[in-house]
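Protein chains in written order, with this note's numbering: chain A, 8 to 120; chain B, 205 to 322.
Quick reminder that beta carbons are idealized off the backbone N, C-alpha and C, glycines included.
Quick caveat: nothing in here was measured; it's all calculated off a predicted structure.
Down below is the structure, laid out as C-alpha cells.
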C-alpha cells in the first residue's frame, strides 16, 4: 500500500542554520504530497503541498519539491528560527481522489538559540 | 470561523470502560476523518465519514471501535471495553465538500484527544 518514510530521529540545530528533512514515498501513480507541522499541544497544520510532479510547495520560508524520479519530497529551510521548533510530518493522499492521508512517523525539530 | 473542535482534550479510562471522543468540524465542512497517533508513531488513518454515511472505515479495528457522524451534532468515535493498547492521541480532521474538479480538499485538524487507559 501507499506509505511515507521519513529520516530517523530528532533534528537539533542552531538558529539560522539550514534545515533539511528527508521524505520518500511509495505510491502508484501521482499522489498529492504534503508537509504538516505540529506545535506542542496542538493539532496538525498544513505547511505546504504539491499535487503534481516538479511542483514546488512553499510557505513561511519552507520549501519542498515533488520529485517523481526519486519519489521524494524533502523539506528545506534556509535559516531556521527558534519558533520553528515543532514536529514535522510528511504525508500523501493517493492518486484518484481518495482523500485519506498517509503519514510518515514525523521528525522532532529543536532549534537552539 | 472556529476551527475543528475536539473534546475532551484528555480522557482517562480504566480497562473495560467505554471512551467517547467528540469532533465538531469547521463550519461548512461535511467530511470528517479520524486518525490515531500511537507513541513514537505517525498518524494512522482510521475512518472517513460524511453526514450520516461511513465512506471508508478500512483503518478501523474490526472490534470495539465505531464511528458516526449524524445529521445533527458532532462526529463521535466510540471505543468499547478499552485496553491499554488503545492509549493514544486521536485526531479529527474536517474538509469541505468536494467542488468542481478538485481531487483533494485540504483537511483541517483539531487539537486531538489524548486517551489514557489505566
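request  = Just mark residue 219 of chain B as buried or exposed, buried being the case when its beta carbon has 16 or more other beta carbons within 10 Å.
outcome  = When all chains shown are included, residue 219 of chain B counts as exposed.
key: C-beta contact flag for residue 233 of chain B and residue 300 of chain B at 8 Å   = yes
request  = With a threshold of 16 other CB atoms inside 10 Å of the CB of residue 282 of chain B, please say whether the residue is buried or exposed.
outcome  = With fewer than 16 Cβ atoms within 10 Å of its Cβ, residue 282 of chain B is classed as exposed.
inquiry  = In the DSSP output, which residue or residues are listed as bridge partners for residue 110 of chain A?
reply    = A:98
key: Closest Cα partner of residue 114 of chain A within the set A:80, A:21, A:28   = A:28
ask   = Taking only beta-carbon atoms, is residue 316 of chain B less than 8 Å away from chain A?
value = yes
request  = Determine contact between the region 78 to 90 of chain A and the region 276 to 294 of chain B, defined as no fewer than three beta-carbon pairs at a distance below 8 Å.
outcome  = no
query = Relative to the C-alpha of residue 118 of chain A, which residue among A:60, A:36, A:84 is closest?
reply = A:84
Cβ contact check for the region 254 to 268 of chain B and the region 310 to 317 of chain B: 3 or more pairs under 8 Å = Fewer than three Cβ pairs drawn from the region 254 to 268 of chain B and the region 310 to 317 of chain B lie within less than 8 Å of each other, which leaves the two stretches out of contact.
ask   = Quick one: what does DSSP say residue 289 of chain B is sitting in, helix, strand or coil?
value = helix
ask   = Where residue 322 of chain B and residue 108 of chain A are concerned, what is the direct C-alpha to C-alpha distance, given to the nearest angstrom?
value = 30 Å
query = Expressed to the nearest angstrom, what Euclidean distance is found between the alpha-carbon atoms of residue 86 of chain A and residue 67 of chain A?
reply = 11 Å
inquiry  = Let me see if you follow: with CB-CB separation under 8 Å, is residue 112 of chain A close to chain B or not?
reply    = yes
query = Do the region 55 to 64 of chain A and the region 16 to 31 of chain A make contact, defined as three or more Cβ pairs closer than 8 Å?
reply = no
inquiry  = Distance cutoff 8 Å, beta carbons only. Does residue 68 of chain A sit that close to anything in chain B?
reply    = no
inquiry  = Using only the alpha-carbon positions, how far apart do residue 120 of chain A and residue 43 of chain A sit?
reply    = 23 Å
query = Using a Cβ-Cβ distance under 8 Å, would residue 53 of chain A count as near chain B?
reply = yes
task = Please report the Cβ distance between residue 239 of chain B and residue 230 of chain B, rounded to the nearest whole angstrom; I am assuming they are in contact, meaning their Cβ atoms lie under 8 Å.
result = So it is not a contact: roughly 16 Å between Cβ atoms.
Through-space distance from residue 50 of chain A to residue 311 of chain B, alpha-carbon basis = 11 Å
request  = Identify whether residue 90 of chain A lies in helix, strand or coil by the three-state DSSP scheme.
outcome  = Of the three classes helix, strand and coil, the one that applies to residue 90 of chain A here is helix, per DSSP.
request  = Give the single residue among B:294, B:241, B:309 whose Cα lies nearest to the Cα of residue 210 of chain B.
outcome  = B:294
inquiry  = What does the alpha-carbon distance come out to for the pair residue 52 of chain A and residue 296 of chain B?
reply    = 12 Å
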